[in-house]
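Peer 1:
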Amino acid sequence: MNTQPQAVFLINLVQDVNILRPLIVMADRDFGFDVRLMVSSLFEGRDSSGIWQRELKEIAQESSARIDVFKSEFEALALLDGHGLLFAGSESHLRGHAPCHDVFRVAPASYLRVTLQHGFECVGFRHSEAHKLAHGPTASFAADMVCAWFRAEHVDALSPSQRGKLIVTGPSAVLQQFRDPLPGSGKRPGLICENLHSVRLSAMGDMKAEFVDVFSAFCAAVDDGTQPAVCLRPHPGGQYMLRNKVPLPANVEVENAPMYRLDMRRFSYGISAPSSVLLDMVLAGIPTAVWRDRAGRMDTDNYADLPGVSTVEEWVAFARQAQDDPGSFAEAREAFLARFGLLTDPGEVHRRYAGLFAMALRNAPQLATARDLGGVVAVVPASALPA
Amino acid sequence: MKFTFVIPSREFLASAGARIRYLRMVSLMKESGHVLDLVPIEEFGKLADPGQVVVFSKCFDARAIVFAARCRAENRLVGIDLFDDYFSQTEDSRMTVYRTWLTQMLKHGHFAICSTPRMSDIVHALCPQMPVHVFNDPATDLRLDALPALLKAKRERALRDRTISLGWFGIGDNPFFSVGLEDVNAFGAQFAPLTARGWTIECTVLTNARALDANRLAALGRLPFPVRVELWSEERETELLLDSLCCFLPVNAQPFSIAKSLNRAVSALTCGSQVVWAGYPLYGRLDELIYADPVSLIDDLERGHLRLSPERLPLYSTLMEKLASLDVEVERLLTFVAGIGQPGAVAPGSIVRALVHGHQTNGDAHKAARKARMLSVATPFAPSTLTYDVIFTGRVAGGDLQMLVAEPVCERMRPEAADKMRPFGTIQKVRYFAIDWPENRVMALQDWSTAALPEVLAAYRGIFPAVHHRLEKVFGPVEMMISESSRLPFDPGAQA
Chain A
1 MNTQPQAVFL
11 INLVQDVNIL
21 RPLIVMADRD
31 FGFDVRLMVS
41 SLFEGRDSSG
51 IWQRELKEIA
61 QESSARIDVF
71 KSEFEALALL
81 DGHGLLFAGS
91 ESHLRGHAPC
101 HDVFRVAPAS
111 YLRVTLQHGF
121 ECVGFRHSEA
131 HKLAHGPTAS
141 FAADMVCAWF
151 RAEHVDALSP
161 SQRGKLIVTG
171 PSAVLQQFRD
181 PLPGSGKRPG
191 LICENLHSVR
201 LSAMGDMKAE
211 FVDVFSAFCA
221 AVDDGTQPAV
231 CLRPHPGGQY
241 MLRNKVPLPA
251 NVEVENAPMY
261 RLDMRRFSYG
271 ISAPSSVLLD
281 MVLAGIPTAV
291 WRDRAGRMDT
301 DNYADLPGVS
311 TVEEWVAFAR
321 QAQDDPGSFA
331 EAREAFLARF
341 GLLTDPGEVH
351 RRYAGLFAMA
361 LRNAPQLATA
371 RDLGGVVAVV
381 PASALPA
Chain B
388 MKFTFVIPSR
398 EFLASAGARI
408 RYLRMVSLMK
418 ESGHVLDLVP
428 IEEFGKLADP
438 GQVVVFSKCF
448 DARAIVFAAR
458 CRAENRLVGI
468 DLFDDYFSQT
478 EDSRMTVYRT
488 WLTQMLKHGH
498 FAICSTPRMS
508 DIVHALCPQM
518 PVHVFNDPAT
528 DLRLDALPAL
538 LKAKRERALR
548 DRTISLGWFG
558 IGDNPFFSVG
568 LEDVNAFGAQ
578 FAPLTARGWT
588 IECTVLTNAR
598 ALDANRLAAL
608 GRLPFPVRVE
618 LWSEERETEL
628 LLDSLCCFLP
638 VNAQPFSIAK
648 SLNRAVSALT
658 CGSQVVWAGY
668 PLYGRLDELI
678 YADPVSLIDD
688 LERGHLRLSP
698 ERLPLYSTLM
708 EKLASLDVEV
718 ERLLTFVAGI
728 GQPGAVAPGS
738 IVRALVHGHQ
748 TNGDAHKAAR
758 KARMLSVATP
768 FAPSTLTYDV
778 IFTGRVAGGD
788 LQMLVAEPVC
798 ERMRPEAADK
808 MRPFGTIQKV
818 RYFAIDWPEN
828 RVMALQDWST
838 AALPEVLAAY
848 RGIFPAVHHR
858 LEKVFGPVEM
868 MISESSRLPF
878 DPGAQA
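Chains A and B, in that order, give the protein sequences. Quick note on numbering: the first sequence equals residues 1 to 387 in the working numbering. Quick note on numbering: the second sequence equals residues 388 to 883 in the working numbering.
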């Protein structure tokens, strides 16, 4: 058995990579854990473009991490051969999160299991009305600890049985923000993000067509010959516009780079339906607007402080104002961040995650002995494990 | 005498069922001047001579029914080997497909072989006149020479380390029933008192990968002792049993579980492993050698009077001879088969055989039936992809059932029926004739494939007696066989 404490990261959805990456770096660079990336066999199928596999390999190389693929809980259990921390970016009792949830359920007691909030509105942390319709008012975790982005009183979808697990760490994404001055100036394109796969655009009625229509009309309206006038960013896991081959106007460029490679400051504004990407836009300090369906069926309450746009005229007016007077949106951004007590100071967020890593290191001997107390040890012949 | 045991597939030979039951039998039969072949059902049709006795094992589809009927017509003795109870759960609609299959098989079989008296009772209840033989699962090797030293070493090591090496092995799950690891998880807490008496338990589980899902693994993790889980293999099973002081064999009381054989207890005992059972007293016939309670095992271990010990090997030997001796079992089987005698000769051509296809069927059964000159008959619900000899369309209710006969089999019709045939049209490049065609009605094939399931289920029940009746009117006496592979509760009904 390996005696060095491990930091194991479960990767199942492609968006897990973005959430976990800063902690993978911390585990290796700041604390010297034996870093392991355990990737579910479903991940490869979800990564249709292959982007995320390359990213994972690069992250693993930079953090001296080992990558293992697991096909079943039994194989995962066989890989969990030590002690330390076990992180998941998306873990709850919901079906889509089952691979990580089930590994957590069978993990030996020698691992402290940590689930991270992975979105601003996030299952088990804070639900929109669409989440409530689709998944119910709460969700449960198999984790020992759950890390939230904002103050506990705003974590209102947490089941009472899970409250003792809650710690507030802030979003890991603030640890990978761009800080260097932005080179060059001149006209910058706008950023439109789509998450049409999300329950938010289907639970209250089908709003996908409305979004596509207003997006196309907007692109035509702002077509002044600039290339590109608009960048479209599909949700990394959903990729709705690409998967469904929605025709894109000529002045649109698709931007699919991982969030930590995309400096949002190079956009003059950002528009999205309710989605965590709005928080990324706000943190990048660009004018940010929330798309709302014209009938107002979609629940956008959590983003109430940000300006809303529905009709193409509103989109165009917002884009113009963003380009002419970007400073006029600063107040809205501040109000949005303040409302939930969102932790955005990278130093503070680092300090809080560091506390978690340090605690695990301090208690490593106890965790190691927990292996001998009971539980299941899985023995898988090397030949049965995926290469 | 030549025996052919028909098995579901080549892979089946690797399963515990085939391994324990048949492979050991093959060589012994050879020694006593008989031949026993194990043939996968997909190869059975090509066999030149299957021998005097053909036994079907776990081939749960219409191919077995067709081959059984064919073998019976060829004056061979037809047997059915039954060692899992998928049949007695009459209130469980998931098992309909198995009950339908067995009902068909019992019509063509001359005898049944069962692994336990309980299975034998089940067959007897369904078919009281059928001769049934209980063939106990035999042990490979009683290890009478090795056991004294092995038992002594195991006991000494346990006392020295104050550790119970506990083993569990087998299929950990079942698609229908709660078995295996769920029994371990349900009864495992019985070992908790041993820890309080200062004993350490080291448990190893050998099982199949499919059983190791999160629910079962998580439950194993909550047992009052650590569990090491490995994937089962025959070699690992033997190693584990030779190494373990004790084997834990909990059994729940559902019909499926209580029809199981003694083989797991026999395997454990013959490797010098004590047995602790829990739940249903499945292993009652071995009572004198095994434990119902882990605490008694510890008491005996500490006092030096283990139930399986060098001093008690004569008892062990007697019980194994009675319940698990390959020689004895093979001899009994041969005597049983000889006692049945040769089947009465079947007059050729005296009866028409028809394989009638229900909602889902087996294409190879259709081919085998036609090759054996049986009629392949479609009910209105049968898949339209096969070229049938007779097609029924319409619905039973209201008397709207239409019968279409393919041109090549028209010559087999009774003359009075042939008078009533009218051209219908071509289906799958074959010309069909309608019988009893009502002159003034325009009929077409009725498409049931898009009908709502409840409607199909409701219409299905009455179809087989109606089809049988019409077939006999047109072809004379018909022996009907039913092919139904659907997992849905398509029940042909008792009268079919």
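All residues carry an ideal CB built from backbone N, CA and C; glycine is no exception.
Closest by CA to A573 of chain B, which one among B:R609, B:P876, B:A805, B:P795?
Peer 2: B:R609
Peer 1: For N195 of chain A and P160 of chain A, I'd like the C-alpha separation in whole angstroms.
Peer 2: 30 Å
Peer 1: Under 8 Å between C-beta atoms, does R54 of chain A make it to chain B?
Peer 2: R54 of chain A does not count as touching chain B.
Peer 1: Assess contact between the region 529-540 of chain B and the region 631-650 of chain B, defined as three or more Cβ pairs (one per stretch) separated by less than 8 Å. Is contact present?
Peer 2: no
Peer 1: Leaving out five residues before and five after S128 of chain A in sequence, what residues of the same chain have Cβ atoms less than 7 Å from its Cβ?
Peer 2: Within the same chain, Cβ atoms closer than 7 Å to the Cβ of S128 of chain A are found at E121, R200, P274, D299, N302, the five residues on either side in sequence being excluded.
Peer 1: Select from B:C658, B:S660, B:L656, B:F635 the residue whose C-alpha is nearest the C-alpha of G666 of chain B.
Peer 2: B:F635
Peer 1: For L56 of chain A and D68 of chain A, what's the separation of their Cα atoms in angstroms?
Peer 2: Cα to Cα, L56 of chain A sits roughly 11 Å from D68 of chain A.
Peer 1: How would you label M359 of chain A, buried or exposed, when you count the other beta carbons within 10 angstroms and need 16 or more for buried?
Peer 2: Exposed, since its Cβ has fewer than 16 Cβ neighbours within 10 Å.
Peer 1: For chain B, is any of its Cβ atoms less than 8 Å away from the one on D102 of chain A?
Peer 2: Taking Cβ atoms only, chain B reaches closer than 8 Å to D102 of chain A, which makes this a yes.
Peer 1: When the Cα atoms are used, what is the spatial distance from R54 of chain A to A257 of chain A?
Peer 2: CA-to-CA, the gap between R54 of chain A and A257 of chain A works out to about 12 Å.
Peer 1: For A455 of chain B, which residues from the same chain have a beta carbon less than 7 Å from its beta carbon, with the 5 sequence-adjacent residues on both sides left out?
Peer 2: So the qualifying residues of the chain are F443, V465, M492, H495, G496.
Peer 1: Provide the residue(s) that pair with M38 of chain A in DSSP beta bridges, ordered along the chain.
Peer 2: A:L10, A:D68
Peer 1: Just the C-alpha distance for V146 of chain A and L343 of chain A, rounded to the nearest angstrom, thanks.
Peer 2: 15 Å
Peer 1: Under the DSSP definition of a beta bridge, which residues are partnered with Y111 of chain A?
Peer 2: A:G84
Peer 1: Interface residues of chain A around V614 of chain B at Cβ under 9 Å?
Peer 2: G374, G375, V376, V377
Peer 1: May I ask which residues mark the beginning and end of the alpha helix (DSSP H) holding M416 of chain B?
Peer 2: 411-418
Peer 1: Tell me the start and end of each unbroken beta strand (DSSP E) in the region 247-297 of chain A that is at least 3 residues and wholly inside, in chain order.
Peer 2: 252-254, 269-272, 288-291
Peer 1: Can you tell me whether H753 of chain B is helix, strand or coil according to DSSP?
Peer 2: helix
Peer 1: Can the beta-carbon of G849 of chain B be found closer than 8 Å to that of V783 of chain B?
Peer 2: yes
Peer 1: Is the CB-CB distance between V510 of chain B and L469 of chain B below 8 Å?
Peer 2: yes
Peer 1: Counting only beta-carbon atoms, is L42 of chain A nearer than 8 Å to chain B?
Peer 2: no
Peer 1: In chain order, what are the residue ranges of uninterrupted alpha helix (DSSP H) at least 4 long that sit wholly in the region 673-712 of chain B?
Peer 2: 681-690, 700-711
Peer 1: In the DSSP assignment, find the unbroken beta strand (DSSP E) run with Q117 of chain A in it and report its ends.
Peer 2: Secondary structure note for Q117 of chain A: it is in no beta strand (DSSP E), with a DSSP letter that is neither H nor E.
Peer 1: Pull the bridge partners of Q789 of chain B from the DSSP assignment, please.
Peer 2: B:T780
Peer 1: If you follow the beta strand (DSSP E) that W555 of chain B is in, where does it begin and where does it stop?
Peer 2: 550-556
Peer 1: Which of helix, strand or coil does DSSP assign to C797 of chain B?
Peer 2: helix
Peer 1: At 4 residues or longer, what runs of the alpha helix (DSSP H) sit wholly inside the region 457-504 of chain B?
Peer 2: 483-495
Peer 1: Find out if the Cβ-Cβ distance for the pair T774 of chain B, L791 of chain B is shorter than 8 Å.
Peer 2: A distance of 8 Å or more separates the beta carbons of T774 of chain B and L791 of chain B.
Peer 1: Who are the near neighbours of P562 of chain B in its chain, counting only those whose CB is closer than 8 Å to its CB and skipping five residues on each side?
Peer 2: none
Peer 1: Could you spell out the range, first to last residue, of the alpha helix (DSSP H) harbouring L568 of chain B?
Peer 2: It spans 568-574 - the alpha helix (DSSP H) in which L568 of chain B sits, taken as one unbroken run.
Peer 1: Let me know the secondary structure DSSP gives C633 of chain B once reduced to three states.
Peer 2: strand
Peer 1: Can you give me the Cβ contacts of P108 of chain A inside the same chain, cut-off strictly under 7 Å, excluding the 5 residues immediately before and after it?
Peer 2: L80, R371, G375
Peer 1: Can you tell which of B:R542, B:L632, B:E418 has its C-alpha closest to the C-alpha of D714 of chain B?
Peer 2: B:E418
Peer 1: Give the residues of chain A in contact with A576 of chain B, contact being defined as C-beta atoms less than 9 Å apart.
Peer 2: Residues of chain A passing the Cβ test: none, with the nearest at roughly 13 Å.
Peer 1: Check H93 of chain A in the structure and name its three-state DSSP category.
Peer 2: H93 of chain A: coil per DSSP, three-state reduction.
Peer 1: Comparing C-alpha positions only, which one of B:V865, B:I428, B:M388 sits nearest to A752 of chain B?
Peer 2: Among B:V865, B:I428, B:M388, the Cα nearest to that of A752 of chain B belongs to B:I428.
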